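Asks:
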Amino acid sequence: MNQAARTFAFIARFVVLGLALAFVIGLAWPGSGAFLRQRFTGTPQAPAAGAQEGPVSYADAVARAAPSVVNIYANKLVTEQPRQLYSDPVLQRIFSVPTGPVRTRRQQNLGSGVIVSDDGYVLTNNHVIANADDIQLLLYDGRVASARVVGSDDETDLAVLKVDAGNLPAIEMTDAESRPRVGDVVLAIGNPFGIGQTVTMGIVSAIGRQLNLSSLESLIQTDAAINFGNSGGALVNAHGQLVGINTSLIGQAVGAEGIGFAIPVQSAKDVLEQIIKTGHVVRGWIGADYGPVPVSAESGLPSAARGVVVNEVSPGGPAALAGVEQRDVLLKIGDEDILDASDLRRHEASLKPGVAVNLSGLRNGQPFSLSVVPTQRPPTSPVQTQQPQS
């Protein structure tokens with residue numbers, strides 16, 4: 001046998017021996033291949049088949065949050081008088097006359113609420129308890145307690161109730177640094193259709209949603225099932241911490257599915273603190289109506305410019321007294337950049353009446369700056385949206 005053949009046979013024997021040894025090691029230690037690849041190449045070990053990165057159950061999160069969620073039964077007396085009905089609308093207007101004595105009946109509105117302090121403060125939606133004569137809460141442990149309204153805020157559709165009872169489990173709220181992100185798992189806890197406390201699961205579908213362009217709302221959108229009776233209930237994260245107060249949904253009547261909304265917990269905290277302190281919510285007002293900046297050569301702004309353009313100035317209002325003019329482009333309020341009209345509305349609402357703030361921007365393409373002294377925002381009609389409330 002020549003030298004080349006002997007060399008080949010020698011190598012072949014060791015290859016066969018190595019394969020046999022690897023086979024035996026693989027049988028005795030199934031994960032050895034992945035371990036060695038990670039050890040010598042730095043490649044992360046792939047998860048085993050069927051392994052899951054997330055929890056297999058959210059029972060712990062529900063156990064933390066559910067005791068803080070209450071069922072609300074808001075009762076009011078409705079007075080009505082029977083009238084003769086006609087199929088013809090004209091006859092209804094002309095001949096609509098009472099046909100019997102005035103009757104009084106009790107109407108009950110269903111909803112949910114969240115215990116936010118161990119001394120008995122409860123957050124819910126304003127539309128759940130509006131005009132109610134009697135409010136009863138069903139607590140998680142089966143107790144029934146009466147509640148009174150401390151205050152409400154139409155613009156955010158929030159109300160604060162006070163219940164006098166002991167051993168109340170307050171929910172844990174997320175802080176400003178733990179804002180929900182799109183894709184986060186969330187759980188909606190409430191009393192849909194009065195059938196009892198129910199938990200549904202979904203994700204955060206979007207943040208910063210507005211259903212009414214002139215409102216202050218900046219809602220969390222979720223596909224967790226929210227139904228009638230869920231209003232005022234808790235939207236919690238996978239750790240059982242409160243991230244929002246469920247408030248409304250877009251229903252199947254318009255062909256929608258899995259589109260619900262919640263008020264962010266930071267907005268709810270601000271309303272809660274003000275109502276507890278003063279009984280109402282105070283917001284700043286500069287007295288101007290504004291909208292998006294039109295992108296044109298005349299605006300003097302780059303195409304990607306932010307800010308707002310002043311469409312109208314209220315006569316005698318703070319902006320008018322400060323010298324703000326129609327068609328001014330506002331770019332900064334105080335030290336903060338103005339992103340868009342919604343952003344400025346939120347900044348404006350947070351201003352303290354009587355405390356001057358600087359507004360800067362462009363007028364006819366030239367920079368300007370002036371000082372505005374905001375006043376308290378005048379009362380507005382409740383925010384109306386075309387979306388059904390839960």
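All residue numbers for the sequence shown refer to the UniProt record's numbering, where the first residue is 1 and numbers rise by one.
Backbone N, C-alpha and C define an ideal beta-carbon position, used for all residues, glycine too.
Keep in mind the model is a prediction, meaning the values are calculated, not measured.
Within a Cβ cutoff of 8 Å, which residues of the same chain sit near GLN326, ignoring the five residues on either side of it in sequence?
Replies: Taking the sequence shown and counting its residues from 1, the one referred to as residue 326 is at position 326. Cβ within range, chain order: VAL310, ASN311, GLU312, VAL313.
Asks: Buried or exposed, going by whether 16 or more other CB atoms sit within 10 Å of the CB of GLN241?
Replies: Stepping through the sequence shown from its first residue, residue 241 is reached at position 241. Buried, by the Cβ-count rule.
Asks: Out of curiosity, what's the CA-to-CA distance linking GLY354 and TYR290?
Replies: Walking along the sequence shown from the start, residue 354 turns up at place 354. Walking along the sequence shown from the start, residue 290 turns up at place 290. So the alpha carbons of these two residues sit roughly 21 Å apart.
Asks: Return yes when the Cβ of SER360 is within less than 8 Å of the Cβ of LEU331, no when it is not.
Replies: Your numbering for residue 331 matches position 331 in the sequence shown. Your numbering for residue 360 matches position 360 in the sequence shown. Yes, these two residues count as a Cβ contact at 8 Å.
Asks: According to DSSP, what are the bridge partners of ASP134?
Replies: Residue 134 sits at position 134 when you count from the first residue of the sequence shown. DSSP output for ASP134 lists ASN75 as bridge partner(s).
Asks: Classify GLY365: buried if its beta carbon has 16 or more other beta carbons within 10 angstroms, exposed otherwise.
Replies: For this step, residue 365 is matched to residue 365 along the sequence shown. GLY365 should be labelled exposed.
Asks: Taking 8 Å as the cut-off, does the region 267 to 276 touch the region 147 to 158 (at least 3 CB pairs, one atom from each stretch)?
Replies: Contact between the region 147 to 158 and the region 267 to 276 is present, because at least three Cβ pairs lie under 8 Å.
Asks: Sorted by chain position, which residues of the same chain lie with C-beta nearer than 7 Å to GLY208's C-beta, five sequence neighbours on each side aside?
Replies: Walking along the sequence shown from the start, residue 208 turns up at place 208. The answer, listed in chain order, is SER218.
Asks: Would you report the Cα separation of ALA224 and ASN191, rounded to the nearest angstrom?
Replies: The residue labelled residue 224 in the question sits at position 224 within the sequence shown. The residue labelled residue 191 in the question sits at position 191 within the sequence shown. Those two C-alpha atoms are separated by around 14 Å.
Asks: My output table needs one value for LYS277: the three-state DSSP class, helix, strand or coil.
Replies: On the sequence shown, residue 277 is found 277 positions in, with the first residue counted as 1. In this structure, LYS277 counts as helix in the three-state DSSP scheme.
Asks: To the nearest whole angstrom, what separates the beta carbons of ALA356 and SER371, a pair I think is in contact under 8 Å?
Replies: Position 356 of the sequence shown, counted from the first residue, corresponds to residue 356. Position 371 of the sequence shown, counted from the first residue, corresponds to residue 371. Right, the Cβ-Cβ distance comes to about 5 Å (below 8 Å), so this counts as a contact.
Asks: Relative to the C-alpha of ASP119, which residue among PRO169, ILE11, ILE333, SER342 is closest?
Replies: As a working note, residue 119 is residue 119 in the sequence shown. Nearest option by C-alpha distance: PRO169.
Asks: Is it true that the CB of ILE203 sits closer than 8 Å to the CB of THR174?
Replies: Taking the first residue of the sequence shown as position 1, residue 174 is located at position 174. Taking the first residue of the sequence shown as position 1, residue 203 is located at position 203. Going by C-beta atoms, THR174 is not nearer than 8 Å to ILE203.
Asks: Have a look at PRO55, LEU339, GLY323, SER342 and flag the residue whose alpha-carbon is nearest the alpha-carbon of VAL185.
Replies: For the purposes of this step, residue 185 is taken as the residue at position 185 of the sequence shown. Looking at the Cα atoms, PRO55 is the closest of the given residues.
Asks: Is it true that the CB of ILE263 sits closer than 8 Å to the CB of THR247?
Replies: As a position in the sequence shown, residue 247 is number 247, starting the count at 1. As a position in the sequence shown, residue 263 is number 263, starting the count at 1. In this structure, ILE263 lies closer than 8 Å to THR247 by Cβ.
Asks: Might you give, ordered along the chain, the residues of its own chain that have their beta carbon closer than 6 Å to the beta carbon of ARG283, omitting 5 neighbours on each side?
Replies: Position 283 of the sequence shown holds residue 283. Excluding positions up to five away in sequence, the list reads ALA349, ARG377.
Asks: Return the bridge partner residues of VAL308 from the DSSP annotation.
Replies: Here residue 308 refers to the residue found at position 308 when the sequence shown is read from its first residue. VAL308 pairs with PRO292, LEU330.
Asks: What is the DSSP secondary structure of GLU217, reduced to helix, strand or coil?
Replies: Taking the first residue of the sequence shown as 1, we reach residue 217 at position 217. Three-state DSSP puts GLU217 in coil, outside helix and strand.
Asks: Rounded to the nearest angstrom, what separates GLN136 and SER146 at their Cα positions?
Replies: Sequence index remark: in the sequence shown, residue 136 carries index 136 (1-based). Sequence index remark: in the sequence shown, residue 146 carries index 146 (1-based). When rounded, the distance between both Cα atoms is 5 Å.
Asks: Please report the residue range of the alpha helix (DSSP H) in which PRO318 lies.
Replies: Working through the sequence shown from its first residue, we reach residue 318 at position 318. Run containing PRO318: 318 to 322, per the alpha helix (DSSP H) assignment.
Asks: May I ask you to report which of helix, strand or coil DSSP gives PRO379?
Replies: Locating residue 379 in the sequence shown gives position 379, counting from the first residue. Of the three classes helix, strand and coil, the one that applies to PRO379 here is coil, per DSSP.
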